[in-house]
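These notes concern the structure reproduced below.
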Amino acid sequence: GDLDILVNNAGAIPGGDLQKVDEDSWRKAWDLKMFGYLNLTRAVYAGMKTRKRGVIVNIIGSAGEKMNAAYIAGSTANAGLMAFTRALGGASHADGIRVVGINPGPIATDRLVNLHKQMAQTKLGDASRYEELFKDMSFGRPGKPEEIAAAVAFLASDRSAYTTGCILTIDGGLASRSS
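In case it helps, my numbering puts the sequence shown at residues 122 to 300.
Take a look at the structure:
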């Protein structure tokens, strides 16, 4: 059948600075996220254009907005996807298509919990105390996956029919704070 909504979402790109992330790791990560989004968008765009209707929601990541040299491959890919979303979304209205993005900050996914368990083991000597590390986050917690899902549902709905070429940051204000 015809696809009306595409939500691009991919796994995280490995962390590391310029010297730590080798070329093969960088390319594999970009194939997954950067080129995955581009290729899926390209695959559905023509059909959406024919129907003069469609929504593409790119789940990007806050590292493209608040860059981090210790996460250079991810920051660079996310910044590129932000530019892609804005550029395509700024022109896609002529084809009846909306293109929007979401930059989630720290969200309570398995990945974030596992990272915090490792940090709790290192810092506190007990992985089960990982939630104590959330106290410095906005509102004392990470965001919830359902908060991101609700934003996707809204942006993909007709209630947001005049929205394109923009990116919603959902990070508890993290990107708005100075370093």
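Here a beta-carbon is modelled for each residue, glycine too, at the ideal position from N, C-alpha and C.
Just so you know, these numbers come straight off a predicted model, no measurement behind them.
N- and C-terminal bounds of the alpha helix (DSSP H) containing arginine 225: Inspection of the sequence shows that residue 225 is occupied by proline rather than by arginine. Annotation: proline 225 is outside any alpha helix (DSSP H); the continuous beta strand (DSSP E) that includes it extends over 218–225.
Quick one: give me the first and last residue of the alpha helix (DSSP H) that glycine 195 is part of. Glycine 195 -> alpha helix (DSSP H) spans 193–212.
Taking C-alpha atoms, which residue in Ser299, Tyr251, Gln140 lies nearest to glutamine 239? Residue Tyr251 is the option with its Cα nearest to glutamine 239.
Cutoff 9 Å: glutamate 268 Cβ touching any chain D Cβ: Looking for chain D here will not work: only one protein chain is present.
How many whole angstroms separate the CB atoms of glutamate 268 and isoleucine 288, which I take to be in contact at a CB cut-off of 8 Å? The Cβ separation is near 16 Å, so there is no contact.
DSSP-derived helix/strand/coil call for glycine 136: The answer is coil: DSSP assigns glycine 136 none of H, G, I, E or B.
Could you check what DSSP says for alanine 285 in three-state terms: helix, strand or coil? One detail in the question is off: residue 285 reads as threonine in this sequence, not alanine. The answer is coil: DSSP assigns threonine 285 none of H, G, I, E or B.
Do lysine 154 and leucine 202 have their beta-carbon atoms positioned less than 9 Å apart in this structure? Yes. Within cutoff.
Along the chain, where does the beta strand (DSSP E) containing leucine 254 start, and where does it finish? It is not in any beta strand (DSSP E) - leucine 254 carries neither H nor E in the DSSP assignment.
For arginine 262 and arginine 172, what's the separation of their Cα atoms in angstroms? In a straight line, the C-alpha of arginine 262 is about 42 Å away from that of arginine 172.
Inter-residue Cα distance where the pair is glutamine 242 and alanine 272: Answer to the nearest angstrom: the Cα atoms are 33 Å apart.
Isoleucine 134 to threonine 230, Cα distance in whole Å? The straight-line gap from Cα to Cα measures roughly 15 Å.
Straight-line Cα distance separating phenylalanine 260 from alanine 248: Rounded to whole angstroms, alanine 248 and phenylalanine 260 show a C-alpha spacing of 22 Å.
Quick test of the definition: if touching needs 3 or more C-beta pairs under 8 Å, does the stretch 219–237 touch the stretch 190–198? These segments do not touch.
Presumed contact (8 Å Cβ cut-off) between glycine 185 and alanine 208, rounded CB distance: In fact, because the Cβ distance is near 14 Å, the residues do not count as touching under 8 Å.
Cutoff 6 Å; reference lysine 170; Cβ partners in own chain excluding five residues on either side: Hits under 6 Å: Asp216.
Going by the beta-carbon positions, is the gap between tyrosine 158 and asparagine 129 smaller than 9 Å? A contact, by the Cβ cut-off of 9 Å.
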